[in-house]
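Written out below as structure tokens is the structure these notes cover.
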Amino acid sequence: MSSPVTTLRTSAIIRFATAFAMLGSVIWQISSRVANNVFRPWEYFSYFTIQTSLIAIVTLSVAGWFAWNGRTETRVLNIVRLCTVTFTVVVTLVYNLLLRGLPDAAADGDYVWPVLPNEILHVWAAIFMLIDWILSSRRINLRVRAIFWVLVFPLVWLVYSIIRGLIVDWWPYWFINPNEPAGIPGMLSYIVGIMLFLLTVAIGLVGLQRITVRAFRN
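Going by the numbering used here, 206 is the number at position 206 of the sequence shown; the sequence numbering is gapless.
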């Protein structure tokens, strides 16, 4: 069995590497769009994937520093990590179930998003953040009610996205657009479903943490 120091260093390396890959992916996407004259900052930075990826980059960097230096994570950092892992997993599942393969925006013309950064943000980041969660969850002691923190940022993002969409008629994702054929009832159904999905994933992560704690005690 690996020593606590080795496990911490492994977690730190995973966190730093994942943060670097996500940051590189964002920079790659921005550079590609700028080079092809299709970079629209207010649209790009309005995507939930991009906003939560930026949050994850900061969180992973801070958590990586804690792990590398053997410091005990604060409760706030534990909760933020729970939120970022939840966001990344949900982004991955929603993208691959609802959004993968959809045509690009008409305003982009013939432009095609670079594949590798897209896959990192929508697939690989979630895998490595889950691995890190499993490795480090025995050092976390969150109560079940902490799961409700995962709703705060998505709800703020939804309010922003809907208000902005109604003003400029641009929507980052079709399922929050009330002008789609399903209308407002359809939009609300997707929103409620995704909120419940966020809570379900968060419950699963807290449950996984408790299982890991018990496993390392035995």
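Where is the CB? At the ideal position from N, CA and C, for every residue including glycine.
**Prompt:** Thinking just about the alpha-carbon of each residue, which of 204, 153, 141 and 101 is nearest to the one in residue 130?
**Reply:** 204
_Taking its Cβ as the centre, do 16 or more other Cβ atoms sit within 10 Å of residue 103, making it buried, or is it exposed?_
The residue is exposed, with fewer than 16 neighbouring Cβ atoms inside 10 Å.
First through last residue of the alpha helix (DSSP H) which encompasses residue 66: 48-68
| Where residue 15 and residue 156 are concerned, what is the direct C-alpha to C-alpha distance, given to the nearest angstrom? | Their backbone Cα atoms lie some 26 Å apart in a straight line.
- Run through DSSP, which three-state label would residue 38 get? coil
Using a Cβ-Cβ cutoff of less than 7 Å, which residues in the same chain neighbour residue 198 once the five nearest sequence positions on both sides are dropped? 86, 90, 150, 151 and 154
- Spatial neighbours of residue 132 within its chain, please: CB distance less than 7 Å, with the 5 preceding and 5 following residues excluded, ordered by chain position. 11, 14 and 15
- Go to residue 119, then tell me how far its alpha helix (DSSP H) extends in each direction, as first and last residue. 115-119
| task | Using three-state DSSP, classify residue 132 as helix, strand or coil. | result | helix
Touching by the beta-carbon criterion (3+ pairs, under 8 Å), the stretch 32-52 and the stretch 172-184:
yes
Of the residues 39, 124 and 38, the one placed nearest residue 19, counting alpha carbons only: Nearest to residue 19 by alpha-carbon distance, out of 39, 124 and 38, is 124.
Check your understanding: To which residues of the same chain is residue 57 closer than 6 Å at the C-beta, ignoring the five residues directly before and after it?
Key -> 19, 22 and 23
(message) Quick check: the Cα distance between residue 79 and residue 142, rounded to an integer number of angstroms?
(response) Roughly 8 Å between the two C-alpha positions.
- Quick one: measure Cβ to Cβ for residue 147 and residue 209, integer angstroms, because I've assumed they're closer than 8 Å. The pair is not a contact, with the Cβ atoms about 11 Å apart (cut-off 8 Å).
- Could you give the DSSP three-state label for residue 108: helix, strand or coil? Note: residue 108 maps to helix in three-state DSSP.
task: Between the Cα of residue 196 and those of 26, 108, 71 and 94, spot the shortest distance and give me the residue it belongs to.
output: Here the closest residue by C-alpha is 94.
*Among the residues of its own chain, which have a CB less than 7 Å from the CB of residue 220, if the five just before and after it don't count?*
Outside the displayed range of the chain (1 to 218) lies residue 220, so it cannot be described from this structure.
*Length of the line joining the Cα atoms of residue 1 and residue 214*: Confidence in residue 1 is poor, its pLDDT being 48 and thus under 50, which makes the residue's placement too unreliable to answer from.
ask   = At which residues does the alpha helix (DSSP H) containing residue 165 begin and terminate?
value = 152-168
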